[in-house]
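Notes to accompany the following structure.
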Amino acid sequence: MAEDEAVNPIRPEFPTARVKKIMKLDKDINKVNSEALFLVSCSTNLFLRFLTERTAEVAAEKKKKTVKLDHLRTAVKRHRPTSDFLLDSLPIPAESTQSVARSATDRDHSRPVADKSAPAGTRRIDHFFQWIFHDFKVIRARKMLIPLKLFHLLAER
């Protein structure tokens, strides 16, 4: 009976070369075993399915047919392990962006110093702080770093 059943191998849905390239972005990883590559690819697929299902549930609760970033943000907030590392990586909602821009222009008008572009060969000080913030997120999300990078890569498609 076991001989009669055809075995369908599980194949990752993501291109293995791209997954391997993303995994190698981590400085600590030099070589990637084929089994590890398979498991990371499959776990990323499961993670994205889970996130998609939760986001669709939120959209259905709000009686919407189109899934939006706000639905994804709500789904991430509801699931504590996901919100620990993913919430900081999601884009800021449009309303918050406009209010931040408004408050920034209000601040700029009250300040006499004009924003000047940095001379050639130099960087602004805030560039340094962007990298500190990025490294903090990487350290905080170390366990889910590779699926997070895959999530961003697939979101760009």
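Numbering-wise (full-length UniProt numbering), the sequence shown opens with residue 1 and increments by one.
Yeah, the Cβ is synthetic: ideal placement off N, Cα and C, and Gly gets one too.
Predicted model only: the values in this text are computed from it and were never measured.
Comparing alpha carbon positions, the residue from P93, F14, V76 closest to F85 is V76. Within the segment 7-48, the runs of alpha helix (DSSP H) that reach at least 4 residues and sit entirely inside it are, in chain order, 16-23. In the DSSP annotation of this structure, the continuous segment of the alpha helix (DSSP H) that includes S83 starts and ends at 80-86.
With the rule of 3 Cβ pairs closer than 8 Å, the segment 37-47 does not count as touching the segment 65-81. A distance below 8 Å separates the beta carbons of V19 and S41. Closest option to T16, judged by alpha-carbon separation, among A6, A60, V32, K65: V32. When DSSP states are grouped into helix, strand and coil, L69 belongs to the helix group.
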